[in-house]
Every structure is written in C-alpha cells, then in structure tokens.
Amino acid sequence: MSGPSILHYTYNKCCRACPTWKGKFYVFLLIVAFLLFFILFIHSVNPRRNNIHVSVGEEEGGPIEAELSSFPGMKLLVTNLSDQLQLGGHYIPTDCRPTQTIAVIVPYRDREVHLQLFLQHMHPFLQRQNVEYYIVVVEQEEGTPFNRALLFNIGFYKMNKLHDIDCFIFHDVDLLPLDDRIMYLCQDQPLHLSMLVDTLGDTLMYENLFGGVVALTPEMMEKVNGFPNMYFGWGGEDDDMSYRIRRHGYSIDRYSKEVSRYTMMRHGREENVDQGKLNRKLETGREKISEDGLNTLVFHMLEFQPLPLYTWILIRPNKSMLNGEIIPVKKVTDILE
Ligand code: UDP
Ligand code: BGC
Ligand code: MN
17 MSGPSILHYT YNKCCRACPT WKGKFYVFLL IVAFLLFFIL FIHSVNPRRN
67 NIHVSVGEEE GGPIEAELSS FPGMKLLVTN LSDQLQLGGH YIPTDCRPTQ
117 TIAVIVPYRD REVHLQLFLQ HMHPFLQRQN VEYYIVVVEQ EEGTPFNRAL
167 LFNIGFYKMN KLHDIDCFIF HDVDLLPLDD RIMYLCQDQP LHLSMLVDTL
217 GDTLMYENLF GGVVALTPEM MEKVNGFPNM YFGWGGEDDD MSYRIRRHGY
267 SIDRYSKEVS RYTMMRHGRE ENVDQGKLNR KLETGREKIS EDGLNTLVFH
317 MLEFQPLPLY TWILIRPNKS MLNGEIIPVK KVTDILE
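The sequence shown begins at 17 in the numbering used here and counts up one residue at a time.
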C-alpha cells in the first residue's frame, strides 16, 4: 500500500485538453504542425514530460477570490448563468473538444445560501477550465440524519447510468476553490483537491484526509465499491473512503499547497460528535467494504429534475438502513415513488 503523495503539476488551463476547432485552425495548420514537431522534440528531452500540464504563465490562471458578500438570489442567478448552460447545469464548451466530461456531485440539505453562492462561483470557475460538466445536487429529505456518502453514491449511480462521465468530483457545497489552477479533472490516482481550507487553519489535518472535495473516475469508484452507505450523521465516511482507496492499491494524490486552496463558507459546528462511536463505526466499516457500497445501494428517489443551473435529485434513505441493516442486493435499486 503506498502512502499519500503530492502532485507537482505545472498548469495549462485548457489549450492542450481542448484544441480549437474553428476556422482559423486550418489556416495555421502548417505552423501548428511545425510547432507540434517542436513541442514533441522539447518533450522528448524534458525529464518532466509525464506531467499532465505544461507551461506556467500569467495567462494560465492563479489565485482567485470568492465573492461572498453579493448575494443575488436564485432568480437573478438563473438569468445571469443559464444562457451558457443546457438544462440540468450542463455545460459544453463551444470551441473546444474537452478530453473529460465531469460530474460535480454535491450532497445537500437546507443550505440554500451556500448553494446559491456555490453556483455563482462554480459555473464561471468550471467554464474558465473549458471542461464539459454537469452540476448535480443530491438532496436528502428531512427526517433522517444526514448521510453525505450515501448521497455521493446515489449521484454517481444515476449520472453514470445516464451519461458518459469520465470523472466524478464529489464536492461539499460550502467549499469554494481559490485558485484557477485547481484542475477539475481526474488523474491516475484518486485526487484530494481541498488540501488547504481557510477555516481549518490552512493546513492538511492528516495525511490520509479525503474529505471536502475529491475526484475519482468511474473505474476507481467501481473498484472500491463506492462510498459506504451506512454513515448517518457527521464524520467518518470520508475516512472510510480513504481506507477503501488505499486498501485497493491506490494512493491519494494532491496538487501542490500553493494551488490547492479553498474557502469554507461559515456554518455551525457539529457538537455532539462521539469520537469513540465514530472510531467503532470505522473499525466495522473496514470489514464491510465488499458488502456496503455501490453493490448494496438502495434508496427512494422522490425527484429527478434537470433544473436550469443543476440537476436536482431528492431522495429518502431506506428505513432499514437506519438500523445499520445492510440490504443484501446484488444490483442497485432505486425505488421510485
Ligand atoms: N451538508 C448539507 N446539509 C447538512 C449537513 C451537511 O448540505 O445539514 C452537506 C454540505 O454539502 C456540506 C457537507 O455536507 O458542505 C459536509 O457537511 P459539513 O459542512 O457540516 O461538515 P464539516 O465542514 O464540518 O466537515
Ligand atoms: C472525521 C472526518 C472529518 C475530519 C476533519 C475526522 O475526525 O472522521 O469525517 O472530515 O475529522 O474534520
Ligand atoms: Mn463544511
């Protein structure tokens, strides 16, 4: 099992990932061919040629600010943002051919202000990266303790079934990236994107932390049997996932600390955390990777609606799960109501 590692990519915001197809391209074909030959030559003598992005420059992006004071409301947001989008919060770059289509899965309940500020920040952020994306908000109905990881599994399951998604970004609604060089793409290993969070002291709390914002390919998700379904209430589910991925021979990758910075919008702290109980849950969780996850996912789907700024999924957890019962299903079941 290999330990966590830090990626030291240099950044190119999109031009390598997204070649421009429009008219002028053909006029400069000859020049491009020459440049390509030149770049290939440089690459062949460059010891860092395995890095994913090349060249660092002013135009490649850098630190950005999060606008938390202006709060336009959902109506104005829709007016401002929906022209660029297809229904369901789906963006397709117009003059680019992206190499990956991503789905940003957001677990959600009762954080309306955060959701609006998230959409206001994330749509322009992702569009600057010239990536094809969907934003998917998976909401848990009131009445049961919040289950972040279950919502991730549901978002993954639905979007993976409906679309050809290359990369899933599992994303807290209250975290906003503070640097345009944080590429929302999957890499060779599972990525922990939110390494430094301002409200958590801008330090990585522990090496195996895998909370906040993470990126995995569908293949990685299938291999580790997704997130656990049984973590109702705050905490532990990300540690369980961290264990799953390391257990399956992956390591946790991160961008450098100069780049991988987020702000967390303020919210109340979880007060009644019983650390002993959480540890015990984690210990039993470790033995249940193959029987608690994507292969035993059951839920009631109350809504599935492509809205202008995001795809909205509203769910109710299955009652028997609340007693810690794992339902022995071989195939994922969504119980439509
Ligand atoms: N969340 C939510 N409503 C809740 C609890 C959690 O929408 O009542 C979602 C939201 O995306 C949030 C994430 O779950 O960012 C993680 O929860 P929280 O921010 O409370 O955890 P912490 O920041 O303390 O780890
Ligand atoms: C919890 C995690 C959480 C981390 C940072 C751990 O004790 O188990 O779920 O992400 O603390 O807050
Ligand atoms: Mn939070």
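Glycine included, each C-beta is placed from N, C-alpha and C at the ideal position. Values in this document were obtained by computation on a predicted structure and should not be read as measured data.
In this structure, residue 294 sits near residue 252, with a CB-CB distance shorter than 7 Å. Collapsing the DSSP output to three states places residue 49 in a helix. In this structure, residue 185 and residue 120 form a Cβ contact; the two beta carbons are roughly 5 Å apart against a cut-off of 8 Å. Following the DSSP letters along the chain, one finds residue 172 inside the alpha helix (DSSP H) bounded by residues 164 to 178. Contact between the segment 267 to 280 and the segment 288 to 303 is absent, with fewer than three C-beta pairs closer than 8 Å. Note on the segment 121 to 147: whole alpha helix (DSSP H) runs with a minimum of 4 residues are 128 to 144, in chain order. Taken in chain order, the complete alpha helix (DSSP H) segments of 4 residues or longer contained in the segment 283 to 351 are 291 to 302.
Distance from residue 200 to residue 143 at the Cβ level is roughly 11 Å; contact not present, criterion being Cβ atoms closer than 8 Å. A Cβ-Cβ contact shorter than 7 Å links residue 169 with residue 242.
DSSP, reduced to helix, strand and coil, places residue 95 within a helical segment of the structure shown.
For residue 189, the CB contacts under 6 Å within the same chain, skipping 5 residues up- and downstream, are 122, 124, 127, 130, 131 and 134 in chain order. Cα atoms of residue 315 and residue 158: separation of roughly 14 Å, rounded to the nearest angstrom. Going by beta carbons, residue 249 and residue 161 fall inside the 7 Å limit. If the five residues before and after residue 89 are omitted, its C-beta is found closer than 8 Å to the C-beta atoms of 132, all from its own chain and listed in chain order. Rounded to the nearest whole angstrom, the CA to CA distance from residue 163 to residue 93 is 28 Å.
In the structure shown, the three-state DSSP call for residue 262 is helix. Taken through DSSP and simplified to helix, strand or coil, residue 191 comes out as strand. Shortest gap from the CB of residue 147 to any heavy atom of ligand 1: 6 Å or more. Exclusion of residue 188 from the 6 Å shell around ligand 2 follows from its C-beta lying no nearer than that to any non-hydrogen atom of the ligand.
DSSP assignment within the segment 211 to 248 yields the following whole alpha helix (DSSP H) runs of 4 residues or more, N-terminal first: 234 to 239.
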